[in-house]
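Residue numbering for the sequence shown follows this note's numbering, starting at 230 and increasing by one per position.
Everything below concerns the one structure shown next.
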Amino acid sequence: MIYELRIYTCKPGSVNKVLQMWRERGRAMLEPYFGMVGQWVGESGTCNQIYTLWAFKDLNHRQEARQALLKHPGFAEYLEECRQHYVTQEAVFLSPTELSPLK
Numbered sequence: 230m231i232y233e234l235r236i237y238t239c240k241p242g243s244v245n246k247v248l249q250m251w252r253e254r255g256r257a258m259l260e261p262y263f264g265m266v267g268q269w270v271g272e273s274g275t276c277n278q279i280y281t282l283w284a285f286k287d288l289n290h291r292q293e294a295r296q297a298l299l300k301h302p303g304f305a306e307y308l309e310e311c312r313q314h315y316v317t318q319e320a321v322f323l324s325p326t327e328l329s330p331l332k
């Protein structure tokens with residue numbers, strides 16, 4: 230397994246709007262392609278951040294899922310709406326160690 234940690238830094242006051250967009254539209258589009266492990270908002274450190282952890286079999290699986298998602302009806306428009314609320318977006322790929330309960 231490989232994990233992708235997405236970190237979205239939102240414009241001040243936009244976190245709740247982005248989460249609302251996720252609940253109302255994004256989740257239904259993303260979940261058939263991506264396996265969500267969890268989603269969090271930061272309680273300390275950098276403000277206005279949303280953290281989402283996705284699981285994939287490997288990088289090829291992630292690439293295939295991403296390509297399929299980009300073809301999903303309405304996703305391009307949804308993505309453009311979300312980007313209006315972002316300051317930055319980061320993606321960190323993580324591989325579990327032998328000590329990790331997530332494999």
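Where a beta carbon is used, it is the ideal one built from N, C-alpha and C, also for glycine.
Could you have a look at residue i and say whether DSSP puts it in helix, strand or coil?
| i | result |
| --- | --- |
| C342 | Only positions 230 to 332 of the chain appear in the structure, and residue 342 is not among them; the question remains open. |
| M258 | helix |
| Q249 | helix |
Could you work out which residue in the options is closest to residue i when comparing CA atoms only?
| i | options | result |
| --- | --- | --- |
| R291 | E260, L331, W251 and S243 | E260 |
| P330 | Y307, D287 and V266 | V266 |
| K286 | W251, E253, T326 and F263 | F263 |
For residue i, count the other beta carbons within 10 Å of its own beta carbon; 16 or more makes it buried, fewer makes it exposed. Which is it?
| i | result |
| --- | --- |
| S243 | buried |
Apart from the five residues just before and just after residue i, which ones in its own chain have a Cβ nearer than 8 Å to its Cβ?
| i | result |
| --- | --- |
| R295 | Y262 |
| G255 | Y307 and C311 |
Open item on the list: Whether or not the stretch 316-330 and the stretch 233-243 are in contact is what I'm after, with contact meaning three or more pairs of Cβ atoms, one per stretch, closer than 8 Å; do they touch?
Closed with: yes
Open item on the list: Can you confirm whether the stretch 241-251 touches the stretch 262-282 when touching is taken to mean that 3 or more C-beta pairs between the two stretches lie within less than 8 Å?
Closed with: yes
TODO: Give a yes or no on contact between the stretch 309-316 and the stretch 258-274, applying the rule of three or more CB pairs nearer than 8 Å.
DONE: no
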